[in-house]
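Below is one structure, written out as structure tokens; comments come after it.
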Amino acid sequence: MGLAQGRTWWQRLRPHVMVFDAPLALIIAALLSVGLVTLYSAGIAIPGKVWDQMRNIAAAVLVMWFVANISPQTMMRLAVPVYMAGVALLVAVALFGIIKGGSRRWLYIGTQIQPSELMKIAMPLMLAWFFQREQGHIRWQSYAIAAVLLAIPAGLIARQPDLGTAMLVTAAGACVIFLGGLSWKALGALVATGAAGLPVLWSFMHDYQRDRVLTLIDPYHDPLGKGFHIIQSMIAIGSGGVTGKGWTHGTQAHLEFIPERTTDFIFAVFSEEFGLAGNLVLMALYLLLIWRGLSITLNAPTLFTRLLAGAITMIYFTYAFVNMAMVSGIVPVVGVPLPFMSYGGTALMTLGLGGGILMSIQRHSRELRTGVRA
1022 MGLAQGRTWW
1032 QRLRPHVMVF
1042 DAPLALIIAA
1052 LLSVGLVTLY
1062 SAGIAIPGKV
1072 WDQMRNIAAA
1082 VLVMWFVANI
1092 SPQTMMRLAV
1102 PVYMAGVALL
1112 VAVALFGIIK
1122 GGSRRWLYIG
1132 TQIQPSELMK
1142 IAMPLMLAWF
1152 FQREQGHIRW
1162 QSYAIAAVLL
1172 AIPAGLIARQ
1182 PDLGTAMLVT
1192 AAGACVIFLG
1202 GLSWKALGAL
1212 VATGAAGLPV
1222 LWSFMHDYQR
1232 DRVLTLIDPY
1242 HDPLGKGFHI
1252 IQSMIAIGSG
1262 GVTGKGWTHG
1272 TQAHLEFIPE
1282 RTTDFIFAVF
1292 SEEFGLAGNL
1302 VLMALYLLLI
1312 WRGLSITLNA
1322 PTLFTRLLAG
1332 AITMIYFTYA
1342 FVNMAMVSGI
1352 VPVVGVPLPF
1362 MSYGGTALMT
1372 LGLGGGILMS
1382 IQRHSRELRT
1392 GVRA
């Protein structure tokens, strides 16, 4: 009798515990493990860094589990309130946000938060809801409305100024709009218009943003000033060679030539210590992450879930590509962390939230196919 009761208890609890998608969870766990190993070396002179990151990981995993338990139908109902709350918080930041380093990005509401991080998920959530509602009668007006919904938060974030986050939010929203049915011709016209508008954009950029672009073109113009950090980062990547200098033996990082070596520039530390071989393994993990996200997207049963899963996958890709490219001197330096590797709680929470959404979509897709709850 007791055994039977035990089985019944587990049968009731199991659907809410076993919610992780195994392939996606294993890939994320591998990236987090590599990140902790690299962080230990990068922050070896900063006591407590690894333990702090482990707490951040525990919180992100808890968020991932919680969101994986939320059905896509509930996410649809939450889309508009979450988007409106995010925009309201961005307006509040513009009015009386906390200024750090010349940027007004933070808001104090009992605790300090960065509302722009919320919009990385709220934006694709809102647009996926919008196109689901418009399904069957999507016209050019629909894309115009979607563009306005995207432009409002992106503009508020760029005004802070936080061009890096504004680009990520725009990329996630643009992915939803494209997957929503935007034609290649229209996309080409938008890209051409954007390219033509670059001179206008240049006139609105802040001095430090212009300096980042000019430094990208010629970092050696000011090798001991504005170009110092990116030059040292490229030296670290190149000096790693094929097999690297070995774990905890990276001189550029330990002699403190690499800036933000535990956060935005952790890829330079990894490259110096593990070399080309390590980079190939790391990129393979990110490709597997993107592959799993795309697989979940293709198997999603509704337009809403397909658009949302595709946007989350795009966020992962953009994070990884932009971070590796900026550290390698291919794109201007922007504040974009390396997914699941860079130190930091807020970005890790956002990534965990995205992972939970993917797992929820995959779980409910499997339930619809099999007719059995996971």
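Residue 1022 is where the sequence shown starts when you use this note's numbering, and the numbers rise one by one after that. Beta carbons are placed, not taken as given, at the ideal position from N, Cα and C, and that holds for glycine.
Tell me the start and end of each unbroken alpha helix (DSSP H) in the region 1128-1169 that is at least 4 residues and wholly inside, in chain order.
1136-1155
Expressed to the nearest angstrom, what Euclidean distance is found between the alpha-carbon atoms of A1080 and H1242?
Start at 1 with the first residue of the sequence shown, and residue 1080 comes out as number 59. Start at 1 with the first residue of the sequence shown, and residue 1242 comes out as number 221. Roughly 43 Å separates the two Cα atoms.
Of the listed residues L1184, I1048, L1053, F1041, nearest to W1086 (C-alpha basis)
Along the sequence shown, read from residue 1 onward, the residue named residue 1086 stands at position 65. Measuring from the Cα of W1086, the nearest candidate turns out to be F1041.
If you compare alpha carbons, which of L1052, A1043, S1062 is closest to G1267?
As a first step, residue 1267 is located in the sequence shown; it is residue number 246 there, counting from the start. If we check each option's Cα against that of G1267, S1062 comes out closest.
Counted within 10 angstroms of its Cβ, other Cβ atoms place W1150 as buried (16 or more) or exposed:
Within the sequence shown, the letter at position 129 stands for residue 1150. Label assigned to W1150: buried.
At the level of alpha carbons, what is the spacing between R1076 and Y1340?
Numbered from 1 along the sequence shown, position 55 holds the residue referred to as residue 1076. Numbered from 1 along the sequence shown, position 319 holds the residue referred to as residue 1340. Rounded to the nearest angstrom, the two C-alpha atoms are 22 Å apart.
If you check the beta carbons only, do F1152 and L1328 fall under 7 Å apart?
To locate residue 1152, count along the sequence shown from 1; it is residue 131. To locate residue 1328, count along the sequence shown from 1; it is residue 307. Closer than 7 Å, so yes.
CB contact flag (I1333, L1379, <7 Å)
Taking the sequence shown and counting its residues from 1, the one referred to as residue 1333 is at position 312. Taking the sequence shown and counting its residues from 1, the one referred to as residue 1379 is at position 358. The Cβ atoms of I1333 and L1379 lie closer than 7 Å to each other.
From M1370 to V1084, what does the alpha carbon distance come to, in whole angstroms?
If you number the sequence shown from 1, residue 1370 lands on position 349. If you number the sequence shown from 1, residue 1084 lands on position 63. When rounded, the distance between both Cα atoms is 7 Å.
Is A1305 buried or exposed, if buried means 16 or more other CB atoms sit within 10 Å of its CB?
For this step, residue 1305 is matched to residue 284 along the sequence shown. Exposed, since its Cβ has fewer than 16 Cβ neighbours within 10 Å.
Give every residue of the same chain whose Cβ lies closer than 8 Å to the Cβ of L1110, excluding the five residues on either side of it in the sequence, and list them in chain order.
Stepping through the sequence shown from its first residue, residue 1110 is reached at position 89. The answer, listed in chain order, is L1128, I1134, P1136, L1139.
Distance check for V1352 and L1235, CA to CA, integer angstroms please.
Stepping through the sequence shown from its first residue, residue 1235 is reached at position 214. Stepping through the sequence shown from its first residue, residue 1352 is reached at position 331. Looking at the two C-alpha atoms, the distance is approximately 11 Å.
Neighbourhood of S1381 by C-beta, 8 Å cutoff - its chain only, sequence neighbours within 5 removed
Start at 1 with the first residue of the sequence shown, and residue 1381 comes out as number 360. Answer for S1381: V1040, V1088, A1089, N1090, I1091, S1092, P1093, M1096, listed in chain order.
Quick one: Cα of F1278 to Cα of M1105, how far?
Taking the first residue of the sequence shown as position 1, residue 1278 is located at position 257. Taking the first residue of the sequence shown as position 1, residue 1105 is located at position 84. Cα to Cα, the separation comes out at about 43 Å.
Buried or exposed, going by whether 16 or more other CB atoms sit within 10 Å of the CB of Q1383?
As a position in the sequence shown, residue 1383 is number 362, starting the count at 1. Classification of Q1383: buried, given that the 10 Å Cβ count is 16 or more.
Under 7 Å between the Cβ atoms of I1311 and A1330?
Stepping through the sequence shown from its first residue, residue 1311 is reached at position 290. Stepping through the sequence shown from its first residue, residue 1330 is reached at position 309. Their beta carbons are not under 7 Å apart, which means I1311 does not touch A1330 by this criterion.
How many whole angstroms separate the CB atoms of L1148 and L1171, which I take to be in contact at a CB cut-off of 8 Å?
If you number the sequence shown from 1, residue 1148 lands on position 127. If you number the sequence shown from 1, residue 1171 lands on position 150. Their Cβ separation, rounded to whole angstroms, is 7 Å, which keeps L1148 and L1171 in contact under 8 Å.
Please confirm whether M1345 and C1196 have their CB atoms less than 7 Å apart.
Translated into positions along the sequence shown, residue 1345 becomes position 324. Translated into positions along the sequence shown, residue 1196 becomes position 175. Not a contact, by the Cβ cut-off of 7 Å.
With distance defined between alpha-carbon atoms, name the residue in G1246, W1161, A1100, A1187 nearest to R1419.
Within the shown structure, residues of the chain are numbered from 1022 to 1395, placing residue 1419 beyond reach of any answer.
Can you tell which of L1045, I1166, G1064, A1115 has its C-alpha closest to the C-alpha of V1082?
Position 61 of the sequence shown, counting from 1, holds the residue named residue 1082. Of the candidates L1045, I1166, G1064, A1115, the residue whose Cα lies closest to the Cα of V1082 is L1045.
Are the CB atoms of P1174 and V1108 nearer to each other than 7 Å?
As a working note, residue 1174 is residue 153 in the sequence shown. As a working note, residue 1108 is residue 87 in the sequence shown. Yes, the pair counts as a contact, with Cβ atoms nearer than the cut-off.
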